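Following: one structure in structure tokens, then a few remarks.
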Amino acid sequence: MKNTRGTKSITNDAQQPSVSQFFGNQDGQYSMNHPQQKAITNAILSDLVVDCNLPLSIIENKSFRHFLTVVDRKYSPVCRRTLTVKVENLAELVDIMNPFGEATDLTQGEKIVTISSVVPSVLSLNHHLEKLKPQVRFLSSLVRSLHVSLKKRFGGIFINVKMATLTKDGTTAPFSDPVYLKAAPLDPAFSLMWIDHHVLVSLEVKAEVLQHVKEVILREALETEQPTPCVDEEEQESLGQGEGLFAAYHKRKKKDVGTTPALQLSHYLHIADGQNVLLFWAMNMKVLPSLFKVTIRVLAVPASSAPVEQVFSHGGIILRPHRAQMSDRLLTNLVFCKCNAL
1377 MKNTRGTKSI
1387 TNDAQQPSVS
1397 QFFGNQDGQY
1407 SMNHPQQKAI
1417 TNAILSDLVV
1427 DCNLPLSIIE
1437 NKSFRHFLTV
1447 VDRKYSPVCR
1457 RTLTVKVENL
1467 AELVDIMNPF
1477 GEATDLTQGE
1487 KIVTISSVVP
1497 SVLSLNHHLE
1507 KLKPQVRFLS
1517 SLVRSLHVSL
1527 KKRFGGIFIN
1537 VKMATLTKDG
1547 TTAPFSDPVY
1557 LKAAPLDPAF
1567 SLMWIDHHVL
1577 VSLEVKAEVL
1587 QHVKEVILRE
1597 ALETEQPTPC
1607 VDEEEQESLG
1617 QGEGLFAAYH
1627 KRKKKDVGTT
1637 PALQLSHYLH
1647 IADGQNVLLF
1657 WAMNMKVLPS
1667 LFKVTIRVLA
1677 VPASSAPVEQ
1687 VFSHGGIILR
1697 PHRAQMSDRL
1707 LTNLVFCKCN
1717 AL
């Protein structure tokens, strides 16, 4: 009899949740899908295991399980295996989404150049998802959905780098504007390195993409290039006279040798090595004049509408119906003052 009673004794050891627990049971305890059940389980995981750095085995401790009954009698203790799966799910989710957060920060900055980050970010995310496909255990459907959505949302970029083909219906794919293709190479932080690492095509096709990117930049550089009038040394000396005793004590500026945009692009690609884009072009605007004109036009475009929306939200406060007769210049000044006020 004693042995029989011993086999029927109730233990507090963690067990896998039964089917009935997912729908509630007769003891009045929460089902596994109950909001309060989920809230307590998530709090244990995030507040105790993650934030307080307690071992996951604490959920099997008898004293801790008694504590849970005091907190909420209806709570159904979960087993360690269940929380282990949750931890692995969260870790996998962080690995998947972390690069997306970084890309969002790069393309929504207010005081940095953002448009040059679009193409490298999109292609890097595509490469990231391609690598994750054979590795993920729990969130494979999320990875596939993100990959399909990325290619659909930024289809024009993949078409321009020959990683996708044109749509059969003839519609223009989103982000197919060549400005994105020009911006990335003109940022020395990226240059053309993204083609080697993240354009997932054959070497022959990569060479074609590389040549196409250079041609797009050179075409605009030739369109914006204007001949600068040459000033003789005698004219420069005459302009410097009469300005003081030491007016002649200055270094003569080097004459512009008239380098072509192609030579400037070649020189730029040679010296670009991860520098800050604003500092780089501030220092090389005289050395690379043709490329500089293209750069200030291309890199001035914001990658997202977030900064613009903030400006218009301030403008909406100013532009009330009874003020609708104000001039464009006055409205511009008011928005500028409002957005730059401390």
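Residues 1377 to 1718, numbered by this note's numbering, are exactly what the sequence shown covers, in order.
In this text, a Cβ means the ideal position worked out from N, Cα and C, and glycines have one as well.
Since we're looking at a predicted model, the values are computed, not measured.
Boundaries (first-last residue) of the alpha helix (DSSP H) holding LEU1675: Against the sequence shown, residue 1675 aligns to sequence position 299. Run containing LEU1675: none; DSSP gives neither H nor E here.
Cβ shell of VAL1577 (< 7 Å), same chain only, five flanking positions each side left out: Within the sequence shown, the letter at position 201 stands for residue 1577. Excluding sequence neighbours, VAL1577 sits near LYS1538, MET1539.
Contact under 8 Å by Cβ, ALA1560 with PRO1475: As a position in the sequence shown, residue 1560 is number 184, starting the count at 1. As a position in the sequence shown, residue 1475 is number 99, starting the count at 1. Their beta carbons are not under 8 Å apart, which means ALA1560 does not touch PRO1475 by this criterion.
Helix, strand or coil at LEU1515 according to DSSP, with G and I counted as helix: As a first step, residue 1515 must be located in the sequence shown, where it is residue number 139. Three-state DSSP puts LEU1515 in coil, outside helix and strand.
Inter-residue Cα distance where the pair is MET1412 and TYR1406: Locating residue 1412 in the sequence shown gives position 36, counting from the first residue. Locating residue 1406 in the sequence shown gives position 30, counting from the first residue. Contrary to the premise, residue 1412 reads as Gln rather than Met in this sequence. Approximately 8 Å, taken between the alpha carbons.
Neighbour flag for SER1703 against chain D, beta carbons, 8 Å: Absent from the structure: chain D. Only one protein chain is present.
Cα-Cα separation between GLN1719 and ILE1472, rounded to whole angstroms: Outside the displayed span of the chain (1377 to 1718) sits residue 1719, for which this structure offers no information.
Residue of TYR1644, LEU1469, LEU1557, LEU1598 minimising C-alpha distance to SER1517: Residue 1517 sits at position 141 when you count from the first residue of the sequence shown. Comparing Cα-Cα distances from SER1517 to each of TYR1644, LEU1469, LEU1557, LEU1598, the minimum goes to LEU1469.
Continuous alpha helix (DSSP H) stretch holding GLN1412: start and end: Here residue 1412 refers to the residue found at position 36 of the sequence shown. Segment 1411–1419, the alpha helix (DSSP H) holding GLN1412.
Range of the contiguous alpha helix (DSSP H) that encloses GLN1640: Walking along the sequence shown from the start, residue 1640 turns up at place 264. Looking at the DSSP string, the run of the alpha helix (DSSP H) that includes GLN1640 is 1637–1647.
Beta-carbon separation (whole angstroms), LEU1589 vs LEU1562, contact threshold 8 Å: If you number the sequence shown from 1, residue 1589 lands on position 213. If you number the sequence shown from 1, residue 1562 lands on position 186. Inspection of the sequence shows that residue 1589 is occupied by Val rather than by Leu. Contact flag wrong, Cβ pair sits at about 10 Å.
Buried or exposed (CB count within 10 angstroms, at least 16 for buried), HIS1504: Here residue 1504 refers to the residue found at position 128 of the sequence shown. That one is buried.
Where ASN1502 falls, given that 16 or more other Cβ within 10 Å makes a residue buried: As a working mapping, residue 1502 is identified with position 126 in the sequence shown. Under this definition ASN1502 is a buried residue.
Limits of the alpha helix (DSSP H) - the one that ILE1323 falls within: Because the chain in this structure spans residues 1377 to 1718, residue 1323 falls outside the shown range and cannot be described.
Check whether VAL1447 and LEU1499 have beta carbons under 8 Å apart: Position 71 of the sequence shown, counted from the start, is the residue given in the question as residue 1447. Position 123 of the sequence shown, counted from the start, is the residue given in the question as residue 1499. Going by C-beta atoms, VAL1447 is not nearer than 8 Å to LEU1499.
CA-to-CA distance, LEU1707 to GLY1650, given in whole angstroms: Residue mapping note: residue 1650 aligns to position 274 of the sequence shown, counting from 1. Residue mapping note: residue 1707 aligns to position 331 of the sequence shown, counting from 1. Their backbone Cα atoms lie some 39 Å apart in a straight line.
Helix, strand or coil at GLN1587 according to DSSP, with G and I counted as helix: Residue 1587 sits at position 211 when you count from the first residue of the sequence shown. If DSSP states are grouped into helix, strand and coil, GLN1587 belongs with the helices.
Three-state secondary structure (DSSP) of VAL1537: Within the sequence shown, residue 1537 is the residue found at index 161, counting from 1. Of the three classes helix, strand and coil, the one that applies to VAL1537 here is coil, per DSSP.
Coarse secondary structure for LEU1706, derived from DSSP in three states: Mapped onto the sequence shown, residue 1706 falls at position 330. Note: LEU1706 maps to helix in three-state DSSP.
Classification of ILE1672 by the beta-carbon crowding that lies within 10 angstroms, buried from 16 upward: To locate residue 1672, count along the sequence shown from 1; it is residue 296. The residue is exposed, with fewer than 16 neighbouring Cβ atoms inside 10 Å.
DSSP state of SER1452 mapped onto helix, strand, coil: Taking the sequence shown and counting its residues from 1, one reaches residue 1452 at position 76. Residue state, collapsed to three classes: coil.
Start and end residues, alpha helix (DSSP H) containing GLU1506: Within the sequence shown, residue 1506 is the residue found at index 130, counting from 1. Element bounds for GLU1506: 1494–1508.
Closest residue to GLU1486 among ASN1709, LYS1509, ALA1679 (Cα-Cα distance): Residue mapping note: residue 1486 aligns to position 110 of the sequence shown, counting from 1. That would be ALA1679, whose Cα lies nearest to the Cα of GLU1486.
CYS1713, buried or exposed, once every other Cβ within 10 Å from all chains shown has been counted against 16: The residue given as residue 1713 occupies position 337 in the sequence shown. Classification for CYS1713: exposed.
Nonlocal neighbours in the same chain, by C-beta distance under 7 Å from LYS1450, ignoring five residues either side: Position 74 of the sequence shown, counting from 1, holds the residue named residue 1450. Result list for LYS1450: GLY1404, GLN1405, TYR1406, in chain order.
For VAL1577, the three-state DSSP class (helix, strand or coil): The count along the sequence shown starts at 1 and reaches residue 1577 at position 201. Three-state result, VAL1577: coil.
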